[in-house]
Amino acid sequence: MVERHNWTKEEILEIYNKPLMELLYEAATVHRLHHDPNTVQVSTLLSIKTGGCPEDCGYCPQAARYHTDIEGNDLMSVQQVKAQALRAKASGSSRVCMGAAWRNVKDGPEFDQVLEMVRTINKLDMEVCCTLGMLTENQAQRLAEAGLYAYNHNLDTSEDYYKDVISTRAFEDRLQTIDNVRKSNVTVCSGGIIGMGERLEDRAGMLVALSTLNPQPESVPINALVAVEGTPMEDMEPIPIWDMIRMVATTRIVMPKTQVRLSAGRTDMSREGQAMCFFAGANSIFAGDKLLTTPNPDVNEDMEMFRLLGLQPQKAFKKAPQPVTVEEEDSSIAPMGENPKWTRPGHKIERNEAARRRSKA
Ligand code: SF4
1 MVERHNWTKE EILEIYNKPL MELLYEAATV HRLHHDPNTV QVSTLLSIKT GGCPEDCGYC
61 PQAARYHTDI EGNDLMSVQQ VKAQALRAKA SGSSRVCMGA AWRNVKDGPE FDQVLEMVRT
121 INKLDMEVCC TLGMLTENQA QRLAEAGLYA YNHNLDTSED YYKDVISTRA FEDRLQTIDN
181 VRKSNVTVCS GGIIGMGERL EDRAGMLVAL STLNPQPESV PINALVAVEG TPMEDMEPIP
241 IWDMIRMVAT TRIVMPKTQV RLSAGRTDMS REGQAMCFFA GANSIFAGDK LLTTPNPDVN
301 EDMEMFRLLG LQPQKAFKKA PQPVTVEEED SSIAPMGENP KWTRPGHKIE RNEAARRRSK
361 A
C-alpha cells in the first residue's frame, strides 16, 4: 500500500465508522505489509523540566495558570538524565523522549544543556527524542547535529477545534515547527489526544492534517485524555476503548508506514483492549510509571503483557540509521539568538461546557 497524501475528512470518517471487524481486518492487513506485527517499540518519557509552563493547553496539568498538584522542577542535570536513560535501557526501552514544559526553545545555557543531554543519550545507542515546544529552523539543526533522532510536536486535535483547547498559540505555529524539524532531517513525531470533547469530524480532521504532510510523520502518538483535577478538562468523561481502537486502526490505514504510538490513558485500558490496539496497528508504547506527570502502567506490568501476547521490544534504529553526534567544539552551526514571534491568538480557554455535556452524553 502506497503512502497517500490526499486523504479527505470524508474518506477518513468512512474508514473510522466501518463495521469494527472489517476495520480491524483492514488495519491489521496494512500493518503486516509494513511492520512486524509482533514487535512493539518501547520508549521512556522523561520530564526534564516540569511545570510552570506559560501555555494554556486545556488538558495539561503543567500549565502554570491551572491549580493542579504537580510538583514542578527545574531543568535536570545531564548526569541525572544519563542515569535515567541507562535505567530505561536496562528495562527494555530503545528510545528516550525528553520533555520540557516550555512554550518555545530559547537559545542559551538551558538549551545548551539539552543539547548535551542529546549527545549523551545518542552515545548510549538509544534513539533520542525531545519535546521542547516551538522551535526555529536553526535550533532544529543544532539538535540534529547533537544526534537527535526524533522531535515530538503534537497537533493535539483538528485545526477547527484547536481554539477550544489552546489559546496561547495557533495551529499554524505547530505546522511551522514541524516544518522546521523536517528540514533538519530529524524524524517527526506528531499526534494528538482524543476525549477532549471533540467531534468525530475533529478526529478525522487531525488525521487529515497529519497524513497530508509529505512525508508523513514517522511516529504518531494517539493519547486518550487523562482528565486532571484543576485543568479546564477535569470533568471530561473517559472515552470508551472502542474509540481508541477505531482511532488507532484508522491512523494505521491512512499512515501505513508510521509508528503508531499508544500513549497517555493506558492505565485505564485492559490488557484485552491494548491487545486489540496492537492488532489494529499500534506498535509503540511509553513505558515507566509516569507519562510526564500523569500515571502510566508499571514497566513490569508491560513486560508481563508482552510475554502474554508474544510481543518483542523493537531494537533501536530499526527504522532509520543512528544520527552522528557532532561535538560542541566541532559544530559549525552558531546559535542565532532569534526571538521569533509565535502567534498569540488571545481568546480565552475556559471549561468547555458544550464539550463536557457531549462527553457525558
Ligand atoms: S502541553 Fe506542553 S505547552 Fe501545553 S501547557 Fe503543557 S507543558 Fe505547556
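Residue 284 in the UniProt record's numbering sits at position 284 of the sequence shown; the count goes up by one each step and never skips.
A virtual CB, placed ideally from N, CA and C, is assigned to each residue, including glycine.
What you are looking at is a predicted structure, and each value in this text was computed from that prediction instead of being measured.
With DSSP run on the structure shown, which of helix, strand or coil describes residue i?
| i | result |
| --- | --- |
| Val40 | strand |
| Pro221 | strand |
| Gly205 | helix |
| Glu234 | coil |
| Asn180 | helix |
| Thr50 | strand |
| Gln312 | strand |
| Asn154 | coil |
| Thr294 | strand |
| Met269 | coil |
| Asn300 | helix |
| Met255 | coil |
| Val2 | coil |
| residue 446 | Outside the shown range of the chain (1 to 361) lies residue 446, about which nothing can therefore be said. |
| Asn122 | helix |
| Ala63 | strand |
In this structure, what does DSSP give as the bridge partners for residue i?
| i | result |
| --- | --- |
| Val81 | Answer is none; Val81 lacks a bridge partner. |
| Leu45 | Cys97 |
| Glu127 | Arg95 |
| Ile193 | Asn223 |
| Leu262 | Ile222 and Ile285 |
| Ala280 | Note: Ala280 sits in no beta bridge, so no partner. |
| Val188 | Tyr151 |
| Asn104 | Met134 |
Mark residue i as exposed unless 16 or more other C-beta atoms lie within 10 angstroms of its C-beta, in which case mark it buried.
| i | result |
| --- | --- |
| Asp302 | buried |
| Met21 | exposed |
| Glu145 | buried |
| Leu33 | exposed |
| Ala361 | exposed |
| Asn17 | exposed |
| Pro217 | buried |
| Leu143 | buried |
| Asn339 | exposed |
| Asn104 | buried |
| Leu308 | exposed |
Beta carbon shell of the ligand SF4 at less than 6 Å from a heavy atom | Spelled out in chain order, the answer is Cys53, Glu55, Cys57, Cys60, Gln62, Ala63, Ala101 and Gly133.
Curious, which full-length alpha helix (DSSP H) runs of at least 4 residues does the UniProt region "Disordered" (319-361) contain?
-> Counting only runs of at least 4 residues, the UniProt region "Disordered" (319-361) fully encloses the following alpha helix (DSSP H) elements, listed from N- to C-terminal order: 353-360.
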